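Chemist:
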Amino acid sequence: MAAFAQPASGSLAGKVIDTGGAPLPGAVVTLKGIGLETATDREGDFYFGSVSPGSYTASISYLGLPTKEQSVVVAAGQRALVNATLGGDVVRLQAFTVEGTRGGQAKALNLQRASENLKELIASDAIGRFPDHNASESLQRMSSIGLERDQGDGRFVSIRGLYGDLNSTQLNGVNIPSSENGTRRVNFDSIPTEILDGIELTKAVTPDMDGDAIGGSINLKTKTAFSQEGRLFNVSAEGVYNDFSEKWGHKLGLTYGQRFAGDKWGFVLSLSDSVKKHAALDSEASTPWVLRSGVQVPDGNIDIREYQVRRVRQGVSGSLDFHPTKDDAFYLRGTYNHFSDTENRFRELFRNTAATTTVIDAKRGTVTGRPIQIDIKDRTEDQNFYNVTAGGEHTRGALRFDYLAAFSQAELPDPYRSEYVFQSPNTSWTYDFADPYKPVLSGPYQTAITANSFTLNSHRVRDSLQQDKEFTAAFNVRQDTKFGDLSGYWKAGAKYRGREKTSDTEDLRYNANAAVNLGALGLARVSSFRNDSTTPFITINPVAFNGYYRNTPGAFTLNPITSALGSRSVDYTTNEDVAAAYGMMSVTAGNLTVLGGLRVEKTDFETKGWSVASPGTAAQTFTPLTVSSSYTNWLPGIHGRYKLGKQAQLRASFNQSLARPNYGDSAGTASLDLANNLETRGNPKLSPYQSNNFDASVEFYPKALGVWSVGVFAKDIKDFIFRQTLARAGQGGADLSTPLNGTKAKLRGLELTWQQNFTMLPSPFDGLGLYSNYTLTDSDANYGAARPGESLPFSRQSKSMGNLAISYEKYGFFVRVSLNYRSPYIEDGGIGGSLATDTWVDDHTQIDLSTNYRITKQLTVYAEILNVNEEPYIMHWTKNGNLLRKAEYYKYGANVGVKFKL
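Numbered per the numbering used here, the sequence shown spans residues 6 to 907.
Take a look at the structure:
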């Protein structure tokens with residue numbers, strides 16, 4: 006065969022660095038006259054495994070630096086070397102230095118330009134210039150990335166409007182398990198930015214990548230000794246302020262690394278520690294509004310809440326590399342991340358129904374004959390993520406192969422979650438929604454109801470553990486070869502992923518006791534934090550109540566029925582084994598490179614849970630439930646790139662991908678939340694999502710560092726999964742939340758990017774820079790029997806999202822103003838029985854400011870302000886309405902610090 010029977014050839018290798026000795030990843034190396042081309046890896050190395058003997062000119066180009074050419078002679082059976090240093094002739098010119106923000110941007114753009122498929126990257130240099138405390142907030146700066154927030158902090162990300170469960174998330178190429186109950190999506194807020202060397206976003210996956218990536222694949226990369234220049238020593242310290250809590254926290258970072266033993270060994274160790282204290286106020290309406298006396302009125306509880314939160318992030322990342330020869334490399338990498346979230350949620354809940362409401366006007370009404378509930382959720386969640394990976398990479402002539410074995414574990418222990426509820430006698434109040442998202446409650450209750458009016462309605466103590474373990478083993482082999490007169494390579498490999506997801510809960514529920522009086526026992530806490538809605542805001546003192554609970558056990562009577570229901574009904578264990586293999590080829594003909602291949606993944610699935618009959622009653626029974634299934638997915642892919650000269654290129658691709666059901670969705674569970682009258686069921690019979698993905702784009706890289714790009718994409722998805730909440734459709738008349746397979750959905754999108762450093766302008770304006778992207782998406786989903794005859798948006802799909810950042814960097818000074826935007830989307834689980842009961846998350850626009858000054862080459866001081874405009878988080882019923890579902894308000898945060906770098 007022509008691809009294998011080739012005449013004797015030689016090889017060519019080398020390294021590309023800048024004048025400071027730092028590797029230049031993504032530099033394009035071309036052998037002029039024969040069309041052979043490759044790009045340097047993250048360590049600045051390149052390799053041609055099959056080159057015909059002869060004399061050549063190697064052309065090396067790197068965005069932001071002048072192209073360099075070197076002559077080289079390749080002999081049969083021998084390896085020739087070309088090592089190049091770029092930028093030496095223009096090192097004094099500000100426009101061409103690759104330091105600071107432009108250095109990080111240059112690395113990312115060069116890797117993006119050289120990629121055979123559609124990628125976007127952000128380097129650690131650029132990550133540090135945004136006021137981002139975790140990986141999700143760094144990801145939001147990339148095109149088509151949407152952010153889901155918790156208490157104002159970024160937590161989960163979506164790609165092109167497809168939420169985290171539909172994307173592949175990896176650390177150094179190894180899948181990250183999820184600590185969240187029932188889900189596959191990764192908590193990015195547990196990963197500090199200090200341990201990262203870069204982030205790689207792949208929007209069109211190739212056959213050598215995992216197939217469970219309908220939205221795309223995110224790969225977080227940590228630092229290695231061979232991806233840095235010489236010794237590495239970075240340290241940072243900052244103060245973290247939140248204006249709502251009026252409290253300071255801190256953030257500390259340290260990275261040290263070096264090579265030794267003749268540059269054959271190298272290690273890097275990164276440490277991070279941060280504490281953030283913040284607060285938020287919140288209002289919620291628990292159920293859809295209904296029409297009464299010609300106006301919309303709330304048909305359920307009105308919640309007034311106060312949050313006090315303390316978050317601790319700690320991370321350790323280590324890498325040990327051994328390069329005994331130029332053809333062999335071994336590595337051992339490990340990561341530990343700890344995220345502790347201590348939260349006190351204080352709530353006044355005004356119980357309400359439309360039947361008890363007398364309408365005053367379109368904004369106001371009076372409720373009579375209903376009680377007030379006050380409660381607190383007092384808990385500390387500890388999320389832990391561990392990963393250890395060992396592997397090797399080897400070159401033997403034109404053949405290269407690599408392998409790895411890894412173990413990852415994510416867990417969320419919630420060892421003591423205390424939720425206690427006090428309730429008043431029936432009373433009356435008036436609500437006023439003049440501000441639709443900040444209800445004001447007043448009337449007779451303010452004088453009739455005091456702390457002494459509240460007695461214990463229930464008490465609940467939970468101890469739970471969510472755990473997700475995954476073992477990975479992979480092997481890949483690549484052969485550089487010729488296909489006739491055309492250059493290219495073939496690649497094949499296999500991968501095994503064994504995963505176990507468990508949920509284990511002990512839920513102790515205690516009965517009401519009217520003798521436990523909030524005021525008489527001194528358990529009340531009066532807060533002025535929510536005087537905008539209720540005066541006074543009566544809550545519970547958690548320290549006083551927990552002390553009373555421990556010291557007076559006789560006041561609490563365990564309810565064995567509801568305790569058993571809360572404990573056993575949500576427990577499950579799911580095992581999932583995925584065996585995959587692939588083969589692919591890449592061929593270059595002139596300016597055209599085509600990569601194509603096929604991946605096959607076989608999934609074996611088994612879940613064990615409990616079937617519950619007559620939940621919440623004396624007749625309830627629990628029956629073990631085991632469901633298993635097996636399915637195989639064949640996933641072809643083809644990717645093309647065509648160069649239009651030296652600065653522009655076209656891309657087009659087609660690939661198939663899948664997304665397996667969430668563990669909680671496919672588990673055999675059925676739980677009943679009596680307090681909120683909600684039954685939640687799993688569905689073990691769910692089918693996986695399947696998607697056909699199309700991409701096409703044009704990229705232009707101007708001589709001044711930057712990129713302009715326009716891209717279109719389309720996704721045709723079948724068997725998508727959504728969660729529907731139906732009023733009073735559950736057991737005992739409870740609302741029912743359950744996952745179902747839809748029939749099909751279509752997504753169509755447009756992506757625009759413009760990054761530019763305006764170095765062509767006269768001084769001092771040559772320090773200006775622009776970073777912008779915008780994504781416009783249209784989705785159309787058929788939810789089948791759940792909403793027959795209707796065309797609705799895909800769950801969590803924003804029509805538009807984008808970033809705009811304007812920066813200035815010169816004379817050691819840097820300032821950037823950045824804006825992040827996304828339009829409304831329908832919430833997961835927000836598909837109701839009709840348009841009037843759908844739940845929407847409102848649009849979000851956030852402005853951040855960051856600035857720093859370089860005192861010396863090693864020392865930098867900086868200051869940052871997050872959420873300058875104090876953007877809230879708003880949810881409402883119906884698409885275009887302003888009927889309150891949830892409104893959470895925050896204030897700005899600030900960081901002030903210093904960085905030292907050798």
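We put the beta carbon where it would ideally sit given N, CA and C, even for glycine.
Because the structure is a prediction, the values reported are computed rather than measured.
Using the C-alpha atoms, what's the distance from Y577 back to L376?
Modeler: In the sequence on display, residue 376 carries Pro and not Leu. The straight-line gap from Cα to Cα measures roughly 36 Å.
Chemist: I726 and D670 - do their beta-carbons sit closer together than 8 Å?
Modeler: Yes, the pair counts as a contact, with Cβ atoms nearer than the cut-off.
Chemist: By alpha-carbon positions, which one of G25, A478, R483 ends up nearest to L237?
Modeler: The residue with the shortest Cα to Cα distance from L237 is G25.
Chemist: By the three-class DSSP mapping on this structure, what secondary structure does R165 have?
Modeler: Coil, per DSSP.
Chemist: First and last residue of the alpha helix (DSSP H) that includes I566?
Modeler: Start and end: 565-573.
Chemist: Out of K708, A841, G339, state which residue places its alpha-carbon closest to the alpha-carbon of P71.
Modeler: Residue K708 is the option with its Cα nearest to P71.
Chemist: Three Cβ pairs or more, each shorter than 8 Å: is that satisfied between the region 265-272 and the region 319-328?
Modeler: With the cut-off at 8 Å, the region 265-272 and the region 319-328 touch.
Chemist: Any idea what DSSP makes of V210, helix, strand or coil?
Modeler: Correct three-state label for V210: coil.
Chemist: By Cβ distance, which residues of its chain are closer than 6 Å to K208, with the 5 residues on each side in sequence left out?
Modeler: For K208, where only same-chain residues beyond five positions count, the Cβ hits under 6 Å are L123, G221.
Chemist: State the Cα-Cα distance for the pair A410 and P769, rounded to the nearest angstrom.
Modeler: Rounded to whole angstroms, A410 to P769 spans 52 Å at the Cα level.
Chemist: Could you tell me how far apart the beta carbons of L854 and V822 are, in whole angstroms, since I believe they sit closer than 8 Å?
Modeler: Indeed, because the Cβ distance is near 5 Å, the residues count as touching under 8 Å.
Chemist: Do D217 and F665 count as a contact pair if the criterion is CB distance below 8 Å?
Modeler: Checking the sequence, you will find Arg at residue 665 rather than Phe. Yes, the pair counts as a contact, with Cβ atoms nearer than the cut-off.
Chemist: Helix, strand or coil for V548 per DSSP?
Modeler: Reduced to three states, the DSSP call for V548 is helix.
Chemist: Jot down the residue ranges of each uninterrupted beta strand (DSSP E) in the region 358-411, minimum 3 residues, whole runs only, in chain order.
Modeler: Counting only runs of 3 or more, we get 362-364, 369-375, 377-401.
Chemist: Determine which residues share a DSSP beta bridge with Y425 and list them.
Modeler: Bridge partners of Y425: I381, H464.
Chemist: Taking just the CA atoms, how far does T460 sit from E424?
Modeler: Using only the alpha carbons, I get a separation of about 15 Å.
Chemist: Any chance you could list the alpha helix (DSSP H) runs of at least 4 consecutive residues sitting entirely within the region 562-626, in chain order?
Modeler: You should have 565-573.
Chemist: How should E74 be labelled, buried or exposed, when 16 other C-beta atoms within 10 angstroms of its C-beta is the threshold for buried?
Modeler: With fewer than 16 other Cβ atoms within 10 Å, it is exposed.
Chemist: Do L357 and I307 have their C-beta atoms closer together than 8 Å?
Modeler: One point to set straight first is that residue 357 is Asn, not Leu, in the sequence displayed. A contact, by the Cβ cut-off of 8 Å.
Chemist: So, are the CB atoms of Q472 and E398 less than 8 Å apart?
Modeler: No, Cβ-Cβ distance for Q472 and E398 is not below 8 Å.
Chemist: Should the region 483-493 be regarded as contacting the region 432-450, the criterion being three or more beta carbon pairs within less than 8 Å?
Modeler: No, because fewer than three Cβ pairs between the region 483-493 and the region 432-450 fall closer than 8 Å, the two stretches do not touch.
Chemist: May I ask whether a heavy atom of the ligand ADP can be found less than 7 Å away from the beta carbon of E876?
Modeler: No copy of the ligand ADP occurs in the structure displayed, which carries no ligand at all.
Chemist: So, are the CB atoms of T931 and G493 less than 8 Å apart?
Modeler: The question about residue 931 has no answer, for the chain in this structure spans 6 to 907.
Chemist: May I have a chain-ordered list of the alpha helix (DSSP H) segments no shorter than 4 residues that lie completely inside the region 720-807?
Modeler: Runs found: none.
Chemist: With 16 as the cutoff for other CB atoms within 10 Å, does Y587 come out buried or exposed?
Modeler: So Y587 ends up on the buried side.
Chemist: Excluding five sequence neighbours on each side, which residues of the same chain lie with their C-beta closer than 6 Å to the C-beta of A899?
Modeler: Hits under 6 Å: Y246, I870.
Chemist: Hey, is the region 594-612 in contact with the region 643-658, meaning 3+ C-beta pairs nearer than 8 Å?
Modeler: Segments in contact, yes.
Chemist: Considering just the uninterrupted stretch of the alpha helix (DSSP H) at D670, what are its terminal residues?
Modeler: Taken as a continuous stretch (DSSP letters only), the alpha helix (DSSP H) holding D670 covers 668-671.
Chemist: Which same chain residues end up closer than 7 Å to R297 when comparing Cβ atoms and leaving out the 5 residues on each side of it in sequence?
Modeler: Answer for R297: A359, T362, V364, listed in chain order.
Chemist: Please work out which residues of its chain come closer than 6 Å, Cβ to Cβ, to S250, disregarding the five sequence neighbours upstream and downstream, and give them in chain order.
Modeler: For S250, where only same-chain residues beyond five positions count, the Cβ hits under 6 Å are K282, H283, A284.
Chemist: Helix, strand or coil for T628 per DSSP?
Modeler: Reduced to three states, the DSSP call for T628 is strand.
Chemist: Report the three-state DSSP secondary structure of K862 (helix, strand or coil).
Modeler: Looking at K862 - three-state DSSP - the assignment turns out to be coil, as it is neither helix nor strand.
Chemist: Throw me the rounded Cβ distance for the T211 and G642 pair, which I believe falls under 8 Å.
Modeler: Indeed, because the Cβ distance is near 6 Å, the residues count as touching under 8 Å.
Chemist: Spatial neighbours of N518 within its chain, please: CB distance less than 8 Å, with the 5 preceding and 5 following residues excluded, ordered by chain position.
Modeler: The answer, listed in chain order, is T460, L461, A560, F561, T562.
Chemist: Can you check which of these residues, N697, L683, F718, E704, is closest to A732 by C-alpha distance?
Modeler: Ranking the options by Cα distance to A732, first place goes to L683.
Chemist: Taking the continuous alpha helix (DSSP H) assigned at M450, which residues delimit it?
Modeler: Checking the sequence shown, residue 450 turns out to be Tyr, not Met. From DSSP, the alpha helix (DSSP H) with Y450 extends over 450-453.
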